[in-house]
Each structure stands twice: as structure tokens, then as C-alpha cells.
Amino acid sequence: MKPRHTAYLYLLLVSVIWGAASPVVKNTLTWFDPWIFLTYRFAVSTAIAVPYLWLARTPMPKKSSDWGLVLLTALVSAPLSLWLFFEALSKTTALSGSLLTAVGPLLMILGGAIFFRDRVTHSERIGITITIMGALVTVVGPLIINGQMDTLGRFEGNLIMLAAVSMDIVAALLSKQAMQRKINATFLAQSQFVLGLVLFLPILLSLRPAGDIWNVIATAPLEAHLGVFFMAVLSGTIAYTLRNMAVKIIEISESALFNYLQPLWGAILAVLWLGEPITKSYVVGGLVIAIGVVIAEHKRSKGKGLF
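Put into C-alpha cells, the structure is as follows:
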């Protein structure tokens with residue numbers, strides 16, 4: 078298989094895994110609050126990362142500037158963006174969370190143009206603008222369209238989700254820069270979870286007694302633990318490594334196309350598994366975002382096929 082085709086396969090798998098992430102996290106938050114969930118997740122990922130990096134003799138950065146980039150990428154990728162993601166889903170629906178991730182690819186194209194000089198066409202600029210408008214409709218929709226009692230909480234959750242998407246884009250751009258410096262993709266992916274545990278564990282212990290934390294984890298059902306392991310192993314260790322390997326081969330803007338599939342997988346699970354209702358703001362925001370995506374990607378897809 079050609080390297081480019083391998084990268085496409087990696088990104089397709091990542092889109093399925095991360096598309097399922099919003100419903101999985103939303104369901105698991107029934108038993109674990111964001112701080113316990115994330116610390117538990119980082120602990121599992123670290124238990125995998127440390128022995129793997131040692132046994133595989135994974136090369137580490139040699140320059141201090143490369144170490145600085147690794148730490149910055151790790152901080153934005155896991156502790157910051159994931160905390161925002163989990164906090165958002167504790168306040169809004171998995172449907173809204175999944176839909177807002179559709180804004181990410183176009184913003185990533187914009188970021189690729191700014192930082193890596195990727196070309197952005199006129200239609201892409203129009204599409205990006207329309208998509209951002211659709212995201213704003215989704216964010217403020219609970220306040221002006223749905224007329225639901227929990228509208229303020231959902232508005233706050235949607236706003237936090239938009240911040241999480243923005244941080245994930247920054248992380249992807251930093252990862253691309255790290256790959257250009259020949260920093261090992263596996264080391265970069267694993268280091269963020271170790272840093273997450275180092276940062277989150279003392280914060281969690283300052284918020285809740287250790288005995289209380291252990292009791293919450295020990296009494297949780299198997300379904301809750303499976304959610305944590307899904308996020309730690311599949312959505313964490315495996316997905317981040319695959320994404321970093323893929324963006325080493327293809328452009329950031331090209332990899333962004335696969336992110337459009339994430340809301341599809343997420344919406345299917347949110348409706349069929351969690352039983353979430355499809356609201357007016359979701360429909361309106363989704364339509365506007367879809368129009369923006371079609372406009373932005375129309376000429377790109379005609380000019381350059383994936384295969």
C-alpha cells in the first residue's frame with residue numbers, strides 16, 4: 078500500500094474512534110466527573126506509555142528547543158483540550174458536541190494556510206465563514222431557538238466545546254511542526270498522557286479526598302470502566318499515534334477532510350445509543366455548517382481526488 082493510502086486508512090480509523098468519543102464520554106460522565114474521568118484515563122494511558130516507550134527504545138528529542146515543542150504540544154493536546162472537551166460534555170449533549178467538531182477541519186485548513194503556507198482558495202474562505210456562522214448558531218441556539226429549561230447550561234457547554242475544538246486544532250498544528258523536526262510520532266503521542274497525569278493527579282487530590290475518589294471508581298459499573306479504557310487506549314494511545322503518523326505523510330489541510338466524518342459517527346451513536354433528541358438549533362446549525370463544508374470542499378474534491 079502506498080504511504081499516502083496508508084495515511085488515509087489511519088485517518089479513517091481515527092475518525093471512527095473520535096466520532097464515537099462524544100457519546101462514550103457523555104455516557105461515562107454519568108458515573109465519573111471530568112476530573113476523576115480524565116485522571117483515571119491518563120493513569121491508564123501512562124501505564125501503557127511508560128513501559129512501551131522503554132521497551133521499544135523510542136528515540137527522544139536531543140535539542141532543548143525540541144523538548145520545549147514536545148511539552149507545549151503535550152500540554153495543548155491532552156490536558157487542556159481534553160479537559161475542555163470533557164467539561165463541555167458534562168453540560169451539553171453529545172449531539173451538539175459532535176456537530177461542533179465539524180468546524181474543526183475548516184479552521185485547521187485556515188491554520189495550515191497561516192502557519193504552513195497551505196493554499197486557501199476563495200471558495201474555501203467563503204465556506205469557512207459560513208461554517209463558523211453555523212457553529213455560532215449551534216452554540217447560541219439553546220438560548221434563542223430551542224426554548225428549553227436547561228438552555229443556559231447547554232449554551233455554556235457549547236461554548237466550551239468550541240474552545241476545545243480550537244485547542245485541538247492548535248495541537249494538530251503543533252504536531253505537524255514536531256513531525257517536520259523529525260520528533261518521533263509515538264513519543265510525542267505518549268508524552269501528552271504522562272504530562273496529563275502529572276498535572277491532573279495533584280489537582281484531583283486537592284479537590285477530593287483519596288478515599289472518596291477510590292470509592293467512586295471501585296463502585297462504578299463495568300460500563301463506566303469500559304468507557305475510560307476506550308478513551309485511554311483507543312481514543313488516546315492508538316488514535317493520537319495514528320494521527321501523528323498520518324500528518325507526517327500528508328498536508329494538514331488534507332487530513333482535515335477526514336474530520337468531517339466524526340460528527341456522522343457521533344450523531345448516530347448519540348441518537349441510537351443515548352436516545353438524545355434532535356433539536357431545532359441542531360438542525361439549523363447542522364444545515365448551515367453542511368453548506369459551508371460543501372462550498373469549501375467543492376473545488377478541492379474536483380481538483381484532487383484522494384486516490
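Positions 78 to 384 (the working numbering) are the ones given, in order, by the sequence shown. Heads up, the beta-carbon is just placed ideally off N, CA and C, and yes, glycines get one too. The structure displayed is predicted, hence computed values, not measured ones.
- Task: Run through the stretch 328-375 for me and flag every whole alpha helix (DSSP H) of 4 or more residues, listed as ranges in chain order.
- Result: 329-332 and 339-349
- So is Val275 buried or exposed if we call it buried at 16+ other beta carbons inside 10 Å? exposed
- Determine the direct distance from the alpha carbon of Leu282 to that of Ser358, and round the result to whole angstroms. 39 Å
- Query: Which residues in the same chain as Ala98 place their Cβ atom closer than 6 Å to its Cβ, once the five residues preceding and following it in sequence are excluded?
  - Reply: Ser312
- Task: Following the continuous alpha helix (DSSP H) through Trp291, name the residue where it begins and the one where it ends.
- Result: Ala287 to Thr296
- Message: So, does the stretch 230-239 touch the stretch 165-180, judging by three or more C-beta pairs under 8 Å?
- Response: yes
- Ile94: first and last residue of the uninterrupted alpha helix (DSSP H) it sits in: Pro80 to Thr105
- Would Pro354 be called buried (16 or more neighbouring beta carbons within 10 Å of its own) or exposed? exposed
- Query: Leaving out the 5 sequence neighbours to the left and right, which residues in its chain are closer than 6 Å to Pro74 when beta-carbon positions are compared?
  - Reply: Since the first and last residues shown for the chain are 78 and 384, residue 74 lies out of range.
- Item | Nearest candidate by alpha-carbon position, reference Asp143, set Val293, Thr169 and Asn261 | Asn261
- Item | Pair within 8 Å by beta-carbon distance, Met244 and Ser158 | yes
- Looking at the unbroken alpha helix (DSSP H) that takes in Asp110, where does it start and where does it end? That residue, Asp110, is in no alpha helix (DSSP H); it is neither H nor E in DSSP.
- Where do the N-terminal and C-terminal ends of the alpha helix (DSSP H) with Ser142 fall, by residue? Ser141 to Leu152
- Query: Taking just the CA atoms, how far does Val365 sit from Val121?
  - Reply: 39 Å
- Is the beta carbon of Gln269 sitting closer than 8 Å to the one on Tyr129? no
- Message: Quick check on the burial criterion: 16 or more other C-beta atoms within 10 angstroms. Buried or exposed for Glu20?
- Response: Because the chain is modelled from 78 through 384, residue 20 falls outside the range shown and cannot be assessed.
- Query: Quick one: Cα of Thr178 to Cα of Ala287, how far?
  - Reply: 35 Å
- Message: Determine whether the beta carbon atoms of Tyr117 and Ile294 lie at a separation below 8 Å.
- Response: yes
- Message: Using a Cβ distance threshold of 8 Å, determine whether the stretch 91-108 contacts the stretch 309-328, with at least three qualifying pairs required.
- Response: yes
- Query: When the distance is taken between beta carbons, is Leu319 closer than 8 Å to Tyr385?
  - Reply: This structure leaves residue 385 out entirely; the chain is present only between 78 and 384.
- Query: Relative to the alpha-carbon of Arg385, which residue among Phe306, Ser154 and Ala126 has its alpha-carbon at the smallest distance?
  - Reply: Lying outside 78 to 384, the shown extent of the chain, residue 385 is not represented and no answer is given.
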